[in-house]
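Report on one structure; see the data block that follows.
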Amino acid sequence: LTQDELKKIAAYKAVEFVESGMVLGLGTGSTAKHAVDRIGELLRQGKLSNIIGIPTSKKTQEQALSLGIPLSDLDNHPNIDLAIDGADEVDPHLNLVKGRGGSLLREKMVEGACKKFVCIVDESKLVKYLGGSGLAMPVEVVPFCWKFTANKLQNLFEDSGCVAKLRNDYKGEPFVTDNGNYIVDLYLKKDMGDLQVASDAILRIAGVVEHGMFLDMATTAIIAGELGITIKNK
Ligand code: DER
Numbered sequence: 027l028t029q030d031e032l033k034k035i036a037a038y039k040a041v042e043f044v045e046s047g048m049v050l051g052l053g054t055g056s057t058a059k060h061a062v063d064r065i066g067e068l069l070r071q072g073k074l075s076n077i078i079g080i081p082t083s084k085k086t087q088e089q090a091l092s093l094g095i096p097l098s099d100l101d102n103h104p105n106i107d108l109a110i111d112g113a114d115e116v117d118p119h120l121n122l123v124k125g126r127g128g129s130l131l132r133e134k135m136v137e138g139a140c141k142k143f144v145c146i147v148d149e150s151k152l153v154k155y156l157g158g159s160g161l162a163m164p165v166e167v168v169p170f171c172w173k174f175t176a177n178k179l180q181n182l183f184e185d186s187g188c189v190a191k192l193r194n195d196y197k198g199e200p201f202v203t204d205n206g207n208y209i210v211d212l213y214l215k216k217d218m219g220d221l222q223v224a225s226d227a228i229l230r231i232a233g234v235v236e237h238g239m240f241l242d243m244a245t246t247a248i249i250a251g252e253l254g255i256t257i258k259n260k
């Protein structure tokens with residue numbers, strides 16, 4: 027099975043949790059895309075009805091619009107029944123790294139407003155500890171003096187051999203989020219210790235808007251692997 031087929035399997039399994047009448051947080055990324063497609067398909071077939079989608083990015087908003095999924099926002103629906111979204115890393119406690127697609131702020135706002143947050147991943151996303159994959163730990167920062175903020179972030183985790191890099195787009199320009207901010211990616215060589223302490227320290231830096239660690243937020247993880255599907259509950 028290809029990675030995308032595994033993503034699709036996890037996504038379709040998560041959509042089995044969706045009931046008619048629900049307000050749904052619609053995730054962002056290549057795994058969540060399958061879930062949004064599936065929701066659109068079930069609505070079209072009449073197998074689901076009265077769904078309201080709260081998108082976690084402009085990209086997902088466009089996808090949902092093209093599928094005819096009725097949409098609203100957090101101002102109108104501050105309490106959401108269920109969110110379905112991918113992740114870049116999942117640790118054994120269902121803590122996540124998200125945001126490699128750049129949507130972490132809206133994802134964290136939406137998923138923070140949900141009664142249930144089902145995280146859908148292929149097995150390649152499982153890690154022993156967050157930041158352990160050597161891949162980016164995203165932090166959304168204001169563009170104003172981003173270098174100053176990036177240096178503070180890098181120094182915060184110097185014991186973990188942290189390197190902070192501004193994320194650029196394909197043109198080599200700074201990547202700009204849906205919210206008009208920049209992303210500084212942190213690359214760690216060792217784990218960052220207590221995650222809550224690390225999270226609090228990052229958020230104390232004035233130029234930081236939000237980071238990509240989703241601690242104690244996912245209620246369920248659906249993991250699709252070569253040997254089948256695993257469902258882990260908090
Ligand atoms: O950027 C994001 O937060 C995405 O949800 C990411 O965490 C997962 O993206 P993927 O499903 O394309 O791997």
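Here the sequence shown is numbered in the UniProt record's numbering, starting from 27 and rising by one per residue. No residue lacks a Cβ here, since even glycine has one placed at the ideal position from N, Cα and C. Predicted, not measured: the structure shown is a model, and the values here were computed from it.
Alpha-carbon spacing of residue i relative to residue j, whole angstroms
i: P118; j: K154; result: 7 Å
i: G233; j: F201; result: 16 Å
i: V168; j: L152; result: 30 Å
i: Q29; j: S150; result: 8 Å
i: L122; j: T245; result: 11 Å
i: C140; j: I228; result: 24 Å
i: V147; j: E88; result: 22 Å
i: A113; j: E42; result: 19 Å
i: P104; j: W172; result: 31 Å
i: T203; j: L120; result: 25 Å
i: A224; j: I231; result: 11 Å
i: K124; j: R70; result: 30 Å
i: G254; j: I77; result: 29 Å
i: A176; j: N194; result: 14 Å
i: E252; j: L32; result: 8 Å
i: E45; j: K34; result: 19 Å
i: A36; j: A247; result: 9 Å
Environment of residue i [buried if 16+ CB atoms lie within 10 Å]
i: Q222; result: exposed
i: F143; result: buried
i: E115; result: buried
i: N181; result: exposed
i: G72; result: exposed
i: Y208; result: buried
i: E133; result: buried
i: C145; result: buried
i: T256; result: exposed
i: F240; result: buried
i: residue 320; result: The structure shown does not extend to residue 320, since the chain is modelled only from 27 to 260, so the question has no answer here.
i: E137; result: buried
i: S129; result: buried
i: L212; result: buried
i: E236; result: buried
i: L214; result: buried
i: G198; result: exposed
Three-state secondary structure assigned by DSSP to residue i
i: D195; result: coil
i: G79; result: strand
i: T175; result: helix
i: V62; result: helix
i: M48; result: coil
i: V223; result: helix
i: L152; result: strand
i: N181; result: helix
i: L91; result: helix
i: K258; result: strand
i: A190; result: strand
i: K215; result: coil
i: T57; result: helix
Touch test, the segment 183-191 against the segment 49-68, Cβ-Cβ under 8 Å, three pairs minimum: no
At least 3 beta-carbon pairs within less than 8 Å: the segment 213-221 vs the segment 91-105: no
Three CB pairs or more closer than 8 Å across the segment 47-58 and the segment 78-85: yes
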